[in-house]
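Data block below; observations after.
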Amino acid sequence: MIIAFSVTPLGEGVDVGRAVAEAVRIVRASGLPNRTGAMFTTIEGEWDEVMAVVKAATDAVLAAAPRCSLVLKADIRPGVTDAMTSKVETVERYLAEE
422 MIIAFSVTPL GEGVDVGRAV AEAVRIVRAS GLPNRTGAMF TTIEGEWDEV MAVVKAATDA
482 VLAAAPRCSL VLKADIRPGV TDAMTSKVET VERYLAEE
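Per our numbering: the sequence shown ends with 519, consecutive numbering throughout.
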């Protein structure tokens, strides 16, 4: 499965970068395939392992702020691996045809 998620600390002012960096550090340490963009971090793996990382990232934000907003989008396709890369490659292939 692929999960795109965003954790945002609430109640700690406008500078959220340090708390978000701690969440991203947890994702990267997980060893699961991941990418971080300006608004979401994407992670790929099995349900239990991915959700455990999302929970740990959320807990890291809650260690720095009294509240946390979590936005999560999931693509659940049992038996599919490396979808995080292959989905983008498919779109790029179509774009190259024009």
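The beta-carbon is built from N, C-alpha and C at its ideal position, and this holds for glycine as well.
Treat the numbers as computed from the prediction; the structure is a model and nothing was measured.
Nearest-angstrom Cα separation, counted from Ser427 out to Asn455: What you label residue 455 is simply residue 34 of the sequence shown in a count that begins at 1. What you label residue 427 is simply residue 6 of the sequence shown in a count that begins at 1. Roughly 13 Å separates the two Cα atoms.
Beta-carbon gap between Ala440 and Val474 smaller than 8 Å: Numbered from 1 along the sequence shown, position 19 holds the residue referred to as residue 440. Numbered from 1 along the sequence shown, position 53 holds the residue referred to as residue 474. The answer is no: Cβ separation not under 8 Å.
Straight-line Cα distance separating Arg488 from Gly466: As a first step, residue 466 must be located in the sequence shown, where it is residue number 45. As a first step, residue 488 must be located in the sequence shown, where it is residue number 67. The straight-line gap from Cα to Cα measures roughly 27 Å.
Ala450, enclosing alpha helix (DSSP H) - first and last residue: In the sequence shown, counting from the first residue as 1, residue 450 sits at position 29. Note, Ala450: alpha helix (DSSP H), 438-450.
Beta-carbon proximity of Met422 to Ala495, cut-off 8 Å: Looking up residue 422 in the sequence shown gives position 1. Looking up residue 495 in the sequence shown gives position 74. Yes, Cβ-Cβ distance for Met422 and Ala495 is below 8 Å.
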